[in-house]
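In my numbering, each number is its position in the sequence shown, counted from 1, plus 6. Take a look at the structure set out below.
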Amino acid sequence: MSSYILRRLLLMIPTIFGVMAISFALVQFAPGGPVERIIAQLQGHDVGATARFTSLQEGAMSGTSAASGVAGKYRGAQGLDPEFIAELEAQFGFDKPVHERFVKMLGDYLRFDFGQSYYRDIAVIDLIAEKLPVSITLGLWSTLLTYLISIPLGIAKARRDGTAFDMWTSAVIIVSYAIPGFLFAVALIVLFAGGSYFNWFPLRGLTSDNFSELSLIGQLADYLWHIFLPVLALTIGGFATTSLLTKNAFLDEIRKQYVMTARAKGLDEKQVLYGHVFRNAMLIVIAGFPGAFIGAFFTGSLLIETIFSLDGLGLLSYESIVNRDYPVVFASLYIFGLIGLVVTLLSDLTYMWVDPRIDFEARGRG
């Protein structure tokens, strides 16, 4: 077991290196950048980013010299002082060669030093930590709710395979799976968040403005009131896959010889189902919990956080890409990549914990 874990940990090094190298290379060829964005702001073409260089902008607007070399390098830079452009490049670290910047970034990231955000006066790690609770809340609650719905539903469908209950629940599952989460989120807002019909739920944030003044029970109710719609929007498509996976796993186990033997010994259906079938059938479902949580945590958070105005990692990543806030973009990729690799390892270890017959270490030697 220990040698398998060590091998997997060592394999994370080239994997995360490849992710960062490809991402860094793509950014170098992508049009636009922080320098171009500042220039666009000076020309009055871009007001979306939070400017961190007001004093530099004022100095540039008073400059009178122009440089054709700078104008050729940065579109829209005609009329700006070349010293100002050079100062911008130094401020963003673009005055160094590409390979030096990449090596420095890797060295800093090994120490979990992600630098400062370009457009926010805050360290990147502090910014991510500030947004993390929102995304964790959505991912954790939606995953728990998905499993609480999917497992009982999947078991019930397996016990009633081919009946009317199985057919109409399958129809509901297929329809819910076919509806994109963001479309369902918009429908929830229109119906229940003051869109066109009812104004029963809030549309912004995880808590109310007077949250600190509420009692403990009031705070819990306020918190659940705020997260109900976004969690529901994230859950609606997630439980379909898990429900069908649970059903198929139970059907596969129910047809095996040991179940027929247990029934022949006189055990009732509940004893057979929960005393013999449950553990084997739930192997793949339980072991997939870490991956399901990370999937809900990262995949669905972007659109849901944007639609419901929740200031989490999904919205932060989107704004960072739009604003060319590269320290936040690369730090997010690095952290998310590490978490994804660790969760994959945890999923394998969960398989082995649920079913000791599984031995990835022996498979690796073979």
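The beta carbon of each residue, even a glycine, is placed where N, CA and C say it ideally should be.
The way I'd put it, the segment 130 to 141 does touch the segment 324 to 340; three or more beta-carbon pairs between them come closer than 8 Å. Between Lys137 and Leu322, the beta carbon gap of about 5 Å places them in contact (Cβ cut-off 8 Å). With 16 or more other Cβ atoms from the protein chains shown falling within 10 Å of its own Cβ, Val237 counts as buried.
Minimum Cα-Cα distance from Leu194 among the listed residues Val181, Asp258 and Leu209 corresponds to Leu209.
Contact annotation, Val334 with Ser123: C-beta distance approximately 5 Å; criterion of less than 8 Å satisfied. Pairing Ile22 with Gly343 gives a Cβ-Cβ distance under 8 Å. By the criterion of at least three beta-carbon pairs nearer than 8 Å, the segment 245 to 252 is not in contact with the segment 187 to 201.
Ranking Met288, Met266 and Leu289 by CA distance to the CA of Val278 puts Met266 first. Bounds of the alpha helix (DSSP H) holding Tyr264 are Gln263 to Ala270.
About 6 Å separates the CB atoms of Ala239 and Ile310; that is less than 8 Å, so the two are in contact. One Cα belongs to Arg14, the other to Val349, and the distance between them is close to 12 Å. Taking all protein chains shown into account, Phe35 has fewer than 16 neighbouring C-beta atoms within 10 Å of its C-beta and is therefore exposed. DSSP places Arg165 inside the alpha helix (DSSP H), whose first and last residues are Val130 to Arg165. For Tyr183, the enclosing alpha helix (DSSP H) stretches over residues Ala170 to Ala184.
Taking the Cα of Gly201 as reference, the smallest distance to any Cα among Ser141, Ser148, Phe314 and Gly272 is reached at Phe314.
Using a Cβ-Cβ distance cut-off of 8 Å, the segment 216 to 232 and the segment 156 to 170 are not in contact, since fewer than three pairs of beta carbons, one from each stretch, lie closer than that value. Around the Cβ of Gly320, a 10 Å sphere holds 16 or more other Cβ atoms; the residue is buried. Apart from the 5 residues on each side of it in sequence, Phe204 sits with its Cβ closer than 8 Å to the Cβ of Leu197 and Phe198 in its chain, given in chain order.
Separation of the CB atoms of Asp167 and Leu257 is rounded to 6 Å, and the pair is thereby assigned contact status at 8 Å. Ile242 is positioned such that its CB atom lies no closer than 8 Å to that of Ser156. Taking each of Leu112, Glu325, Tyr264 and Lys102 in turn and checking the Cα distance to Met26, the smallest one comes out for Leu112.
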